[in-house]
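Student: Sharing a structure here in structure tokens format.
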Amino acid sequence: MAEQFEFELVFELPEGEHDAFSLFNVVFEAGFQDALVGTGRAGLLGVELEVEGDDAEGAILETARALIKVLPAGTVLREVCPDLVSLADVAEKLKVKRQALQQRKMPLAVAGGLYRIDEVIKVVMEAEKPKEGQRRPRFNLAAASKWFRAGPAARRVNAQLTMREIDPATVERIPRPEREESLFLHS
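For the sequence shown, the numbering used here begins at 1 and goes up steadily by one.
As structure tokens, this is what we get:
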């Protein structure tokens with residue numbers, strides 16, 4: 001059964017000037033008319049979307065492949081979000097103030113106030129089952145559900161990109177012998 005997933009793909013563009021309107025157009029013409037496209041950082045293109053699929057990882061990879069084919073030659077997939085998230089990001093998705101999350105026992109931050117999304121999801125889900133004498137939080141899980149469903153898959157895809165199990169230029173899986181050779185060549 002198909003589900004909806006919300007995630008952002010961050011692409012590194014090849015060197016040179018890139019017209020923001022042209023980039024918007026290729027994303028829209030590729031069939032992603034509802035995507036939010038950001039060009040705020042030089043050399044990077046962020047595409048935030050909601051996509052339907054049978055599983056989050058498949059939806060992420062399929063979408064990334066479709067976009068990489070229409071983006072300028074030399075574009076590579078840099079990362080998938082949500083992976084590491086701030087409490088402000090999570091609070092915004094849950095439609096609460098950041099303080100509502102700070103009152104919970106949060107996992108340890110990974111770096112600079114960023115948390116692994118799957119660890120945050122566990123805290124939020126635990127909070128939904130309050131202990132006796134505690135109030136149930138007013139988290140809007142429905143608003144965050146598409147984003148939460150994509151989070152663990154985003155972390156897996158990022159790990160596979162880092163380990164060179166996925167080619168960032170094609171978003172295709174790299175066979176093991178080539179992957180091991182690739183690790184030595186790019187170290």
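Just so it is clear, CB atoms sit at the ideal spot from N, CA and C, and this is done for glycine as well.
#1: First and last residue of the beta strand (DSSP E) that includes L101?
#2: So which of N158, L71, D118 has the shortest CA-CA distance to F28?
#3: Does the separation of the CB atoms of V90 and A142 fall below 9 Å?
#4: State the Cα-Cα distance for the pair E132 and G46, rounded to the nearest angstrom.
#5: Please work out which residues of its chain come closer than 6 Å, Cβ to Cβ, to G16, disregarding the five sequence neighbours upstream and downstream, and give them in chain order.
#6: Taking all protein chains shown into account, decide if P14 is buried (16 or more other Cβ within 10 angstroms of its Cβ) or exposed.
#7: What number of angstroms, rounded off, separates the C-alpha of A39 from the C-alpha of A73?
#8: Taking the beta strand (DSSP E) that L36 belongs to, which residues open and close that run?
#9: Do three or more CB pairs link the segment 55-70 to the segment 90-103 at distances below 8 Å?
#10: Considering L45, what are the terminal residues of the beta strand (DSSP E) in which it resides?
Tutor: Considering the structure as presented:
#1: Your numbering for residue 101 matches position 101 in the sequence shown. In the DSSP annotation of this structure, L101 is not part of any beta strand (DSSP E); the continuous alpha helix (DSSP H) holding it starts and ends at 98-102.
#2: Your numbering for residue 28 matches position 28 in the sequence shown. Minimum Cα distance to F28 is reached at L71.
#3: By one-based count along the sequence shown, residue 90 stands at place 90. By one-based count along the sequence shown, residue 142 stands at place 142. Between V90 and A142, the CB-CB gap reaches or exceeds 9 Å.
#4: Stepping through the sequence shown from its first residue, residue 132 is reached at position 132. Stepping through the sequence shown from its first residue, residue 46 is reached at position 46. Cα-Cα distance, rounded: 44 Å.
#5: Start at 1 with the first residue of the sequence shown, and residue 16 comes out as number 16. Once the five neighbours on either side are set aside, G16 has no close Cβ partner at all.
#6: Counting from one through the sequence shown, the residue named residue 14 turns up at place 14. Its Cβ having fewer than 16 others within 10 Å, P14 is exposed.
#7: Along the sequence shown, read from residue 1 onward, the residue named residue 39 stands at position 39. Along the sequence shown, read from residue 1 onward, the residue named residue 73 stands at position 73. Note that residue 39 is Thr in the sequence shown here, rather than Ala. Cα to Cα, T39 sits roughly 17 Å from A73.
#8: Residue 36 sits at position 36 when you count from the first residue of the sequence shown. First-last of the beta strand (DSSP E) with L36: 36-38.
#9: No, the segment 55-70 is not in contact with the segment 90-103.
#10: Here residue 45 refers to the residue found at position 45 when the sequence shown is read from its first residue. From DSSP, the beta strand (DSSP E) with L45 extends over 44-53.
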